[in-house]
Each structure stands twice: as C-alpha cells, then as structure tokens.
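Here the structure comes first, spelled out in structure tokens, and everything after it is commentary.
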Amino acid sequence: METLGQLAHGFAVALTPLNLLWAFVGVFLGTAVGVLPGLGPALTIALLLPITFSVDATGAFILFAGIYYGAMYGGSTTSILLNTPGESATIVTALEGNRMARRGRAGPALATAAIGSFVAGTVGTLGLTFLAPLVVEFALRFGPAEYFSLMVLAFVTVSAMLGASALRGLAALLVGLFLGLIGVDLQTGQARFTFGVPELLDGIDVIVVAVGLFAVGEALFLAAHPRPAEQAPLKVSGSLWMTRDDWRRSWKAWLRGSAIGFPLGSLPAGGAEVPTFISYFVEKKLSRRPEEFGQGAIEGVAGPEAANNASAAGVLVPMLSLGLPTSATAAIMLSAFQSYGISPGPLLFQNQADLVWGLIASLYIGNAMLLVLNLPLIGLWVRILSVPAPLLYAGILVFATIGTYGISQSPVDLLLLYAMGGMGYLMRRFDFPTAPVIIGLILGPLAEQEFRRAMTISGGDLTVFLSKPLSATLLALALLALIGPMLLRLRRRA
Amino acid sequence: MLWSRRQVLATGLLASASAAAPIRTGLAQAIEQLRIFVPANPGGGWDQTGRSMEMAMKSAGLIKSAQITNVGGAGGTVGLPQFINQWKGQGNALMVGGMVMVGAIIANKARNNLTETTPIARLTGEFQVVVVPAASPFRSMADLVAAFKADPAKVSWAGGSAGGTDHILAGMIAKAAGGDPRKVAYVAYSGGGPAQAALLGNQVSCGISGWGEFGEQVRAGKLRALGISADKRQPGIDVPTLREQGIDVELFNWRGVFAPPGISDAQRQSLLDLVDRMVKSPAWAEILKRYDWTDIYLPGDRYRAYIASETERIHAILKDLGLAS
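Here's what the structure looks like:
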C-alpha cells in the first residue's frame, strides 16, 4: 500500500509537462540510437552528461531512462530488417527476425518485437516497483560459483543456435571464444594475443564484431554473389499486422521472456545478452514447430525481445535499491547522480523519494510512449526493404563504418570491423553460422573470469560448484537441458 | 531534437546568467580556447576531472571555451602516444591523467611514458578504503592482517583489475604487515558495481576501492570500513587511517594535468597560471566538495619530481605482486 502511494506521487512528478517532454525526447533519441549500428545507450548518455549542469535531476534521469528503454526497442529494428544488430542484446533477434523479413513477414516481426518489448518493459517495471527488495536479496546470493554455473547453462543453450551442422557451429563458437581471450587478463593484468597493439589491450568490442560479421559480411556476400532473386527488393507480402496465429504464438513467449529477463537482468553480472540466449533456447524447445526455427519462427523474435527489455528493467533494480552500477549504462547514470551531489547508494529510496519514484513512474509512461511511437513506424520501416539491395547495403556499409570510427576514432577498430566483415563473408560462403561467434565472445570471458574468481576464493577447490545449492541447481538445469531432449526422443522411439 | 536543444540552451542560459555576473575580470590574458585531452571514455574519473575543469575555468572567466577530446583505452596508454606525437607543441592543450596511468604504463610495457609530456600540476586525490561485509568477523585492520598472515588463501580481496590502484594497495598492506604480496588472494572485478555486489553478498572476505565508491554503503551500515589510505583522519568520516593501525601505507589515487611536449617556456607559464587560478576559484572548491576529491595541488617542477618518485614506488610494488619485471 505504501508502495502504491509512493508510485502515485511518482506519477504526479512524472506527469508534469516538462518531465513528459523529457520522457518523450528520451524515448525518441533512444529509438534512434538503437537503430543506428554501433551507437549504444551508454555512450549517448555519457555524451549528454553536460546537460546535468543545466537541467534538474528528475528531468535528466527521466531523459536518461527514456534513452535506455528506447535503445532496447530500436535495436531490434535493424536486426529484423537488415540482419544487422544495433545492440549486442538484439543479436538473437536477428536469427529468426531477419528470416521472417526475408519471407515477407517483416511487419509481424517488428510488431511482435514492439509489443513484446512493451509487455516485458511493463512486467519488468512492475517487478522493479513491487519486488525490488526481494529480487536484490536473490541477486546478491550469486557469487562467482553461481555465475559460472549460470554460464554453463547459457553455453548449453547455444546448441539451439548452431545451425544445420554441429561441427561448423562449434567451430564458430571456438572462434568467438578465442576472440574473447584477446586483451589484458583481468585477474593477472597480463596481455594476451595483443601483439603489441595497445588498442587491443581492452579486448575486442562485441559491437564491432557483431556489426562486422553481420552487416559488413552480409554486404560483402551480396556484392560477391549477386543473385537476381536477392537483387530484387524484398517483398512485403501479406498483412503488416500480426495474424491471430501470430498472437497465439507470441503472447506466451513474451511472458516467458519477461520472466527470464527480469531476474537475470537484476544480477550484478548478468548482462542483457544471456537472458536472450536462454529465452531463444526455451522457445525452440517448447515450440510445437521446432523445425520452423532457423526459417523465421515468430516465437524466436517474441521471446528474446521480451527478455532483453525485461532485463533492462532488471538492471535498474540493483542500481536504485543498492546504488550498484551493474552495466555500462547504469554506471554512467550513477556518475550523473554524483554531479547533482546525490550519493547513489542504499539510502537513495529514502533520501531521494521524489526522484526515484518519479523515475519509476516515467518508465511506465516512456514504455507506453515507445509503443505508440513504434507501432506506426513499422509501416515506415518496412519501406526500407523496397530500396534495391545494392543501394541498401552500400548505405549499411557507410553507417557501419561511420558508426564504428565516429565513436572510438580508432583506426584499429575500423580494421577490425573489416577483418570481421571478411570473416563474415567467408563464413556465409562456406555455410558457417555467425551467431555462435558472438555468443562465444560474450560468454567466454564471463565464464573464464567467474571460474577463476571462484577458484581464488575457494583456494582451488573444485567442489564449490556442487556444494553451493544454487550453483548445483543451475548445473543440474544445464544437464537437463542437454540430455532432456535426447531422453525424450529415446522414449518416443521406444 | 531541436526542441530539446533549445530547452537545454534556455535553461543553461538562465543558470549561467546568475553565476557569471560577478566574475568577468582578467579576460585580457585568458587563453581563448583550451583543448582538454582525456585519455579515457566519457563518464569516468578523468572525464569528470576534464569536464569539471572546463566548468570551473569558464565560470571563473579564465577561458572562453574548452574542447574536450576523449581517446579511451588501456588505462590511458592508448591516448598517451597520440597526445605526445600529435599534440606536440600545442600551447593551449592539457591532458588529464594520474596514478592509474603510471601503473598502466608499467604493466602494459607501453612505449611512451609521462616523462615525455610537460607536467603542469597534480590536482586531486581520492584515498582508498578497506571494507568488509557487515557480517564479517573482522573489526579492525589488525584482525584482517592477522587472518591473512595465518592463511593467505582464506582471505579473499575484491577490487578492480589486477595491477590497478586497489590491487596495489592490497599488495602494499600485505608487505607492510610482513606478509608476501604475491600470496594475496586477489579477486579482480571489472568495476565497482560487481565488486560491491560480491561484498554485499558476503562472497569475499574484504574489498578495496576509492572512498567515493564504497562510502555510501559504509554510511548505510551495509559494509564496515576498517581503514583508509589517507595521510590523516578525514573530516566527517569516522574511519581510522591505515597508519594509525600500525600499517605504514599511504596511497592517493591522484589525478593531474600534463601539457604536450615541445611547448615554449612562456606557454608553459601561462598554463601553470591558468591552472593555478582555477584551483583557487570558488567554483573549483565546490567541485571538490561535490565529488569528495581531496585537494592535493602540486604544480610545476615539484610535480615532475613527484611523478618520478611515484613511478619508482609503483614499479616496485608491481614487481612485488609479480606483475612487472
């Protein structure tokens, strides 16, 4: 009841015309940032930090939160239409979403992503409003051993994304794992595979690899193998809107994605990508038509899109209730708190009730705004597909190049982008799936670091993974996910 | 977009109109436009320092405008060569840097180092704090150090990346207490957030970070501070120094500014004057308070000597930790 009263007060703060304006500017900017490959919410907010000198705290945070939520919406658009994920959390969306677009179903794919984002954003924000203390308690029980077991579970889900040949899929995964090793090792401070190039010391940026493999690789492939069928503009056949069948297949995926994304997002080292992998795996395994996966299954868009938006709300849980910055975006938002002389910490809810509840209320409002903004845009977005492919992909190359160089201004990143593009081309040419590379690059370093942290803390005792109940449960789930489908198949055969 | 910019401008003008009125003297000798080179990405401590300098100098009427360039990566060692080679001879440029860069240069075996720049002044410092989870049995540094000496493997220390400020302090504490710095079971985290989560969740024995990172959790009683690495007790912070507890260690995560190589003596002098006047401005005093930065201003030649001694000190401790040769 107390929470409801505070939330009502929060709405009173958020619904002032000026704050509504900030929310709108935020979601609008966020959508734009999400659509452009390479430009992320963390960087955008960092660039906007100077406005904290002239705008009041509540307004600034409403703006920042709008950008954050908006980027999660926008990221899916390019994944679906052009197979070029703008954010690392929307890589999985490209798997099914782009297949749908190629089969002329771009409209429903964008719609299920937008509505799924709205549903998940609302579920996540409700969780943030009412469950924050409980969720935080759960999240803090995750130590290195638990995280490592979670990563093992996430690795199992990769099996759903390996494509037709497991050998080729695993080879791609190994390439990703290798790329993840490059840079200074966090635990020892020693450089690995950097070959004396200082730009490589911080490791390889997932976004550069994703944009290179997907966008540049796709463009090169198209240029090298012009096929008349692909040259013609992609047709948007059928309705732009979701059919009854689409709705029936989407709504459960939205809810499952939200249920996976929110708690995992609230883990201090969870990230927004892992929940999308798990959601994709779950949807593929639960689907009555698993054979459609890889050909454009709508559940494969609905689930992961819901998962990444719910995890965005989850990230705000430790940030607002403990003052813990658990993602790059949250860290920059916390540094903005400091420039207002507000100390972000466990007392934020008490000391800055106006700000916190105004922010939470604005999340509900921003989420609704995003839906209203994005649904009509679908009609506009799909018209991008009527641009002839050579022109379209030339444009993508330009954007990918500007996006990569404009942000880091590092020639090394640019070289890397095109090297990845070349690799993406070869992988397409010889039928290797590209998504496992990204998954290896994201999960590899997480799994390695957590394993070594667990070993440092336990003094090298491997049994910690089994002696901690939460960790053992996660490992059991991983085992079940691995052999469960096999057992089912055996039983069916018997 | 256009709307929001107008909004920002309007609010900005209102805010500066009230502040700018009393201080519009001395514009005659002002450097028209200052270029600030930040060898880190937007949002971190060096970026905050650069942007705060811009604000303080502008509101004190010392400069007309400043242009900030961010070249982030590898503790500043990606930006440093660029500053030394491409900004050479520019009399209106300052690079932000500090102790983290000294460590990164050594650990990454960087080709360039800070002696190739023109040191202008050390500005601020942040002292470090050693904390334990609220439920920890350790009540003082003596408890912690005793447990470490009894069995180093049983005491895990959480902090930032290996070889960084937090790890350096852990090594210094171990050494000062008569233990082996290499035996410190150091658990490196990529940032303050995950390290704090590990402490709040009771996953590690103790943690080290800047006071700014842990201070709020200490004030809220979620973490207990055992000692700070400052030279003396800090006003408003009821935590004893390490030295008070018999551990002869003092460490400030200092930040300062550097001019490019190859500038004239006159140019160097005008940058020294500019920074000196900024440090003495009320706007700067307010910024120090806002970010909990300690004023450890040290200009010119004494700063150059300080960098040399810091490089030596940090190199020695990185060697003790087995991270440098």
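Listed in order, the protein sequences are those of chains A and B.
Here the first sequence is numbered in the working numbering, starting from 135 and rising by one per residue.
Here the second sequence is numbered in the working numbering, starting from 80 and rising by one per residue.
Backbone N, C-alpha and C fix where the C-beta goes; we use that ideal spot for every residue, glycine too.
Everything numeric in this text was worked out from a predicted model, so none of it was measured.
| Query | Result |
| --- | --- |
| Below-8 Å beta-carbon distance, B:S219 vs any chain A residue | no |
| Runs of alpha helix (DSSP H) lying entirely within the stretch 431-507 of chain A, each at least 4 residues, in chain order | 433-456, 462-473, 482-485 |
| Cutoff 8 Å: A:E230 Cβ touching any chain B Cβ | no |
| Alpha-carbon spacing of A:S461 relative to A:Y202, whole angstroms | 11 Å |
| Whole-angstrom distance between B:K368 and B:G91, CA atom to CA atom | Because B:G91 carries a pLDDT of 39, less than 50, the predicted location of this residue cannot be relied on, and no value is offered for it. |
| Pairwise C-alpha distance: B:Q112 and B:G143 | Looking at the sequence itself, residue 143 of chain B is Lys, so the reference to Gly does not match. Using only the alpha carbons, I get a separation of about 6 Å. |
| Reference A:T137, options A:A612, A:G492, A:A502, closest by Cα | A:G492 |
| B:T197 classed as buried or exposed, judged by whether at least 16 other C-beta atoms fall within 10 angstroms | buried |
| Buried/exposed call for A:R382, threshold 16 Cβ in 10 Å | exposed |
| CA-to-CA distance, B:W125 to B:V157, given in whole angstroms | 14 Å |
| Beta-carbon gap between B:E205 and B:F331 smaller than 8 Å | yes |
| Continuous beta strand (DSSP E) stretch holding B:E389: start and end | That residue, B:E389, is in no beta strand (DSSP E); its alpha helix (DSSP H) goes 379-399. |
| Beta-carbon contacts of A:R326 that lie in its chain and below 8 Å, excluding the five residues immediately before and after | L315, I316, G317, V318, D319 |
| Where the beta strand (DSSP E) through B:W236 begins and ends | 235-238 |
| N-terminal and C-terminal residue of the beta strand (DSSP E) that B:L305 is part of | 302-307 |
| Neighbouring residues, chain A, relative to B:P340 (Cβ below 8 Å) | Chain A residues near B:P340: none, gap ~19 Å exceeds 8 Å. |
| Cβ pair B:L279, A:L456 closer than 8 Å | yes |
| Sequence ranges, alpha helix (DSSP H) only - wholly within the stretch 125-197 of chain B, length at least 4 | 158-165, 178-186 |
| Inter-residue spacing [alpha-carbon to alpha-carbon] between A:G277 and A:G529 | 45 Å |
| Cβ neighbour criterion (16 or more within 10 Å) applied to B:Q165 | exposed |
| Residues sharing a beta bridge with B:T113, DSSP | The sequence as given places Leu at residue 113 of chain B; Thr does not occur at that position. DSSP output for B:L113 lists B:A145 as bridge partner(s). |
| Secondary structure of A:F198, DSSP reduced to three states | helix |
| Span separating the alpha-carbon of B:D371 from that of B:F293 | 12 Å |
| Any alpha helix (DSSP H) of 4 or more consecutive residues that is wholly inside the stretch 194-272 of chain B | 220-229, 244-255 |
| Boundaries of the alpha helix (DSSP H) in which B:W333 is found, first to last residue | From DSSP, B:W333 is part of no alpha helix (DSSP H) but of the beta strand (DSSP E) over 331-338. |
| Exposed unless 16 or more other CB atoms sit within 10 angstroms - verdict on A:D339 | buried |
| Boundaries (first-last residue) of the alpha helix (DSSP H) holding A:I573 | 569-592 |
| Stretch-stretch touch, CB-based, cutoff 8 Å, three pairs: the stretch 369-389 of chain B with the stretch 207-226 of chain B | no |
| Residues bridged to A:A325 (per DSSP) | A:V318 |
| Rounded distance between the beta-carbons of B:F337 and B:L193, thought under 8 Å | 7 Å |
| Beta-bridge partners of B:I287, as assigned by DSSP | B:V209 |
| Any C-beta of chain B under 8 Å from that of A:F327 | no |
| Residue span of the alpha helix (DSSP H) that contains A:M295, given as start and end | First-last for A:M295: undefined, no H or E at that position. |
| Nearest neighbour of B:Q346, chosen from B:I199, B:P160, B:I163, B:S138 [CA to CA] | B:I199 |
| Exposed unless 16 or more other CB atoms sit within 10 angstroms - verdict on A:D565 | exposed |
| Neighbour list for B:G248 in chain A, Cβ cutoff strictly below 9 Å | The sequence as given places Leu at residue 248 of chain B; Gly does not occur at that position. Near B:L248 there are no residues of chain A at all, since even the closest Cβ is about 15 Å away, more than 9 Å. |
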